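These protein sequences, in sequence, are chains A and B.
Numbering-wise, the first sequence is residues 0 to 326 according to numbering that gives the first Met the number 0.
Numbering-wise, the second sequence is residues 0 to 171 according to numbering that gives the first Met the number 0.
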Amino acid sequence: MYKDYYIFSNGKISRKENTIYFEDKEENKKPIPIEQIERLHFFGEIDLNTKFIGLISQYDIILNFYNYYGYYIGSYLPRKKNVSGLLIVKQSEGYIFHEKRLFFAKCFVESAVFHILRNLRNYKGKTDEVIKEIEEEKQNIFKAREIDELMGIEGRIRKRYYESFSLFLNNDFGFSKREKRPPTDPLNALISFGNGMMYNTVLGEIYKTQLDPTISYLHEPSSKRFSLSLDIAEIFKPLIVDPVIFYLINNRMLKEDDFDIEEGICFLNDEGKKKFIKEYQNKLETTIKHRSLNRKVSYRTLIRLECYKIIKALIEDEPYKPLKAWW
Amino acid sequence: MDFDFEKYKTQGIKVNYYYICKRKLWLYDKGICFEKNFDRVLQGKILHKNAFQREEHKDMLIDEMIKIDIVSADHIKEIKISSKMKNPDIMQLLYYLFYLKQLGISKKGTINYVKEKKVVEVELTEEDEKEIKSALINIRQILMMKKPPEIKKLPYCKKCAYYEFCYAKEVD
Numbered sequence: 000m001y002k003d004y005y006i007f008s009n010g011k012i013s014r015k016e017n018t019i020y021f022e023d024k025e026e027n028k029k030p031i032p033i034e035q036i037e038r039l040h041f042f043g044e045i046d047l048n049t050k051f052i053g054l055i056s057q058y059d060i061i062l063n064f065y066n067y068y069g070y071y072i073g074s075y076l077p078r079k080k081n082v083s084g085l086l087i088v089k090q091s092e093g094y095i096f097h098e099k100r101l102f103f104a105k106c107f108v109e110s111a112v113f114h115i116l117r118n119l120r121n122y123k124g125k126t127d128e129v130i131k132e133i134e135e136e137k138q139n140i141f142k143a144r145e146i147d148e149l150m151g152i153e154g155r156i157r158k159r160y161y162e163s164f165s166l167f168l169n170n171d172f173g174f175s176k177r178e179k180r181p182p183t184d185p186l187n188a189l190i191s192f193g194n195g196m197m198y199n200t201v202l203g204e205i206y207k208t209q210l211d212p213t214i215s216y217l218h219e220p221s222s223k224r225f226s227l228s229l230d231i232a233e234i235f236k237p238l239i240v241d242p243v244i245f246y247l248i249n250n251r252m253l254k255e256d257d258f259d260i261e262e263g264i265c266f267l268n269d270e271g272k273k274k275f276i277k278e279y280q281n282k283l284e285t286t287i288k289h290r291s292l293n294r295k296v297s298y299r300t301l302i303r304l305e306c307y308k309i310i311k312a313l314i315e316d317e318p319y320k321p322l323k324a325w326w
Numbered sequence: 000m001d002f003d004f005e006k007y008k009t010q011g012i013k014v015n016y017y018y019i020c021k022r023k024l025w026l027y028d029k030g031i032c033f034e035k036n037f038d039r040v041l042q043g044k045i046l047h048k049n050a051f052q053r054e055e056h057k058d059m060l061i062d063e064m065i066k067i068d069i070v071s072a073d074h075i076k077e078i079k080i081s082s083k084m085k086n087p088d089i090m091q092l093l094y095y096l097f098y099l100k101q102l103g104i105s106k107k108g109t110i111n112y113v114k115e116k117k118v119v120e121v122e123l124t125e126e127d128e129k130e131i132k133s134a135l136i137n138i139r140q141i142l143m144m145k146k147p148p149e150i151k152k153l154p155y156c157k158k159c160a161y162y163e164f165c166y167a168k169e170v171d
């Protein structure tokens, strides 16, 4: 069983034979058995060396780095050993041919909106109005002819969705609208942090397949980010991140003092991050019975299965049908 | 029959996969493969490393194409984890024997199911040669296909590293 390890303290990380040790400033040494790591997340300041990089590369472990505010800085990805030239050609074809690109982009938005509505239906009575509005806007997805149009529709739906949070959260921390750069209130900080985690989780799953994370359909392929991860994350943000946020707030597990505000930037402090990550991990590991596989799969595995379905569509094996949570 | 071996020669694993699943063969050839994160494959690797440690000629790469587990004076040996896929294993070994014959080397072979302490002796007959030739021709045809062969439900699908890939779909 592979796991994600999160390190919040400052310190250094070293290797001794097949074990990795984390040593904090007080010289407390903690071993992390390498066979059990899938990804390492560094939230603190960490010293590390090439001997360590060498070992984790052998085991295909991904390193993710975050800054002081918990924002994702970047990753170290070991050299990829499973590549498929054919698939990259097909993936590019999917971008170049407008109809193909538009189809994938619509699928991602359609699935995202499906999961958004699924969340809102959990708070019936409070959200009827917004559900109706989103359902109307949703019809435009199928009519859209351009990616910009689709992005516009998605943006409007998301705006309405976020605005409705205060209707069913028992503490909205003074939230009024979505603000990203930078978040200035706790709920925005939480959404940003959660979406960042999702981006990383999806990237990790893409990395296990032969898909190239830079070639994307809804988002413009970008040189700054792995935009395919953003595409697929659209599907999973409302399915995984948002329910975790609702759960933490409505059960009063996250409170004002789990957030800090510095120079107008609001962010989760270490305690807050730990609370979020714990629930987020629980969610990822939750299993459901998969209908076509006829076996139990975790939410995390669902992300990889989504990659598989995209691959199958690209190699003209099976048309793509996005996930729509059925349980 | 005139058979241009140079045109048809391929890796041993592809002959093995040809007898297991044509779709797996196609996907593997295109680099869309899933062996890496699969426990059973890892098991095989470890077994491979530990078996026959005293043998001199292990993992011989021949003609930069086929990799034979063990080569001794009159035998070649293949190490396999379980005898569940006996026929594909035998065909793979027969292919190696056939390959060596094209290079003017004549040997016999054994498949060693180390965990089961079982050894299967294999000798190349004329009949086998015919079978191998037609398999090689078919393999080439499959690999030239523009898209993967369709799923064919087989009793061992559920244990395959490609299972989730093949069977993940949305049910209405």
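Quick reminder that beta carbons are idealized off the backbone N, C-alpha and C, glycines included.
Please read all numbers here as calculations on a predicted model, not as lab measurements.
Membership of Tyr5/A in the beta strand (DSSP E) is indicated by the continuous run 2-6. In the DSSP assignment, Met64/B falls outside any alpha helix (DSSP H), carrying neither H nor E. Taking a beta-carbon distance threshold of 8 angstroms, Arg290/A counts as an interface residue toward chain B. Per DSSP, reduced to three states, the secondary structure at Pro185/A is helical.
When Phe4/B, Gln10/B, Tyr18/B, Cys159/B are compared, the shortest CA-CA separation from Asn86/B is found for Tyr18/B. A residue is called buried once 16 or more other Cβ atoms fall within 10 Å of its Cβ, and Leu62/A is buried on that count. Looking at Asp46/A, Tyr67/A, Glu22/A, the one whose alpha-carbon comes closest to that of Lys272/A is Tyr67/A. Among the residues facing chain B, Ile314/A is included, as its CB has a counterpart in that chain under 8 angstroms away. Taking a C-beta cut-off of 8 angstroms against chain B, the contacting residues of the segment 78-91 of chain A are Lys80, Asn81, Val82, Ser83, Gly84, Leu85, Leu86, listed in chain order.
Within the segment 209-222 of chain A, the residues whose Cβ lies closer than 7 angstroms to any Cβ of chain B are, in chain order, Gln209. Within the segment 112-149 of chain B, the beta strand (DSSP E) runs of at least 3 residues that lie entirely inside it are, in chain order, 117-121.
With a beta-carbon spacing of about 7 angstroms, Ser81/B and Glu115/B fall inside the 8 angstroms limit used to define contacts. Closest option to Lys13/B, judged by alpha-carbon separation, among Asp28/B, Glu5/B, Asp3/B: Asp28/B. Here Asp58/B carries a strand assignment [DSSP, helix/strand/coil]. Of all C-beta pairs linking the segment 98-109 of chain B to the segment 138-158 of chain B, fewer than three are shorter than 8 angstroms, placing the two stretches out of contact. Tyr206/A and Asn249/A have their alpha carbons spaced roughly 34 angstroms apart. The beta-carbon of Glu109/A is placed no less than 8 angstroms from the nearest beta-carbon of chain B. Check the Cα spacing between Asn268/A and each of Pro318/A, Ile60/A, Pro185/A: the tightest is with Pro185/A. Short of 7 angstroms from the beta carbon of Leu238/A, and not among the five residues preceding or following it, lie these beta carbons of its own chain, in chain order: His114, Ala324. According to DSSP, residue pairing for Leu62/A in a beta bridge involves Leu39/A, Tyr75/A.
When the alpha-carbon of Leu283/A is set against those of Thr213/A, Pro220/A, Met196/A, the nearest one is in Met196/A.
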